Amino acid sequence: MAARRDVAIRFVIGGAMFSMLAFFAAMAHLTAPHGAGGPHAMTQPHGAAAPGGEAADHPPLLIPVAGVGRGALVDSWGASRHGGLRRHQGTDIMAPEGTAVLAAAAGTVEKLFFSNGGGGITLYVRSPDRRWSYYYAHLKGYAPGIAEGVQVKAGQVIAFVGDTGNAAKGSFHLHFGLSRMAPGEGWWQGEAVNAYPLLAGTGGGG
Ligand SMILES: [Zn+2]
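Heads up, the sequence shown stops at 206 in full-length UniProt numbering, and the numbers go up one at a time, no gaps.
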């Protein structure tokens, strides 16, 4: 009798352990770097309004691709991706392969990250006040001297346009993302907001 109860207790404990493992596995998935899911990895169902949205408290941004004028920009925030299963959290700027990618704003290079199934060769820059993260993806490569911890000025050449990661081959473009960062958040966190009004000069405060 005692032995049977012991077996039953072990079974219950085993079940609880399994539940905890499943829980932590789910948490690990939820908190995975967005580079792992890719710049086009989205959580909003088709038809829902794009999340985030306003970034009116951020100053206007420089267009981060050399030779592209404000009038050439297209607002691709919230555009359907992957057959409508995901929505786009960034601004795609088309340009020939190897075109210089410029820092849209000043900051410190926080992370150089590679995600074959996502953004490919990517670069994360954190603003000096650490409230914003600037994300550059599908890069061909980094500019000389770019490394984690290096400070960049607005307009500085930081990388080159490519089609790495989940960009269609030959679809050379920069995926630029802007995220609002809470205190203590890491480069893989933050709330994506639409940078287009800041890039196009139609939004943004001082
Ligand atoms: Zn994109």
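Even for Gly, the Cβ is constructed at its ideal location relative to N, Cα and C. Keep in mind the model is a prediction, meaning the values are calculated, not measured.
Could you work out which residue in the options is closest to residue i when comparing CA atoms only?
{"i": "residue 120", "options": "136, 129, 105 and 132", "result": "136"}
{"i": "residue 123", "options": "185, 130 and 109", "result": "109"}
{"i": "residue 169", "options": "96, 128 and 134", "result": "96"}
{"i": "residue 166", "options": "140, 181 and 105", "result": "140"}
In angstroms with no decimal places, state the Cα-to-Cα distance between residue i and residue j.
{"i": "residue 132", "j": "residue 161", "result": "22 Å"}
{"i": "residue 194", "j": "residue 80", "result": "15 Å"}
{"i": "residue 67", "j": "residue 155", "result": "12 Å"}
{"i": "residue 48", "j": "residue 77", "result": "Only weak support is given to the placement of residue 48: the predicted model assigns it a pLDDT of 37, under 50, and the value that follows is read from those uncertain coordinates. Going by the C-alpha atoms only, they are around 13 Å apart."}
{"i": "residue 203", "j": "residue 196", "result": "8 Å"}
{"i": "residue 84", "j": "residue 75", "result": "17 Å"}
{"i": "residue 151", "j": "residue 144", "result": "13 Å"}
{"i": "residue 138", "j": "residue 157", "result": "16 Å"}
{"i": "residue 183", "j": "residue 103", "result": "23 Å"}
{"i": "residue 163", "j": "residue 113", "result": "15 Å"}
{"i": "residue 99", "j": "residue 159", "result": "9 Å"}
{"i": "residue 179", "j": "residue 88", "result": "13 Å"}
{"i": "residue 65", "j": "residue 101", "result": "5 Å"}
{"i": "residue 116", "j": "residue 73", "result": "26 Å"}
{"i": "residue 171", "j": "residue 94", "result": "8 Å"}
{"i": "residue 187", "j": "residue 181", "result": "9 Å"}
{"i": "residue 173", "j": "residue 91", "result": "10 Å"}
{"i": "residue 125", "j": "residue 61", "result": "13 Å"}
Tell me where the beta strand (DSSP E) around residue i begins and ends.
{"i": "residue 200", "result": "That residue, residue 200, is in no beta strand (DSSP E); its alpha helix (DSSP H) goes 196-200."}
{"i": "residue 132", "result": "132-142"}
{"i": "residue 121", "result": "120-126"}
{"i": "residue 173", "result": "173-180"}
{"i": "residue 159", "result": "157-161"}
{"i": "residue 164", "result": "From DSSP, residue 164 is part of no beta strand (DSSP E); its letter is neither H nor E."}
{"i": "residue 110", "result": "107-115"}
Under the DSSP definition of a beta bridge, which residues are partnered with residue i?
{"i": "residue 101", "result": "65 and 159"}
{"i": "residue 93", "result": "174"}
{"i": "residue 192", "result": "179"}
{"i": "residue 87", "result": "80"}
{"i": "residue 152", "result": "107"}
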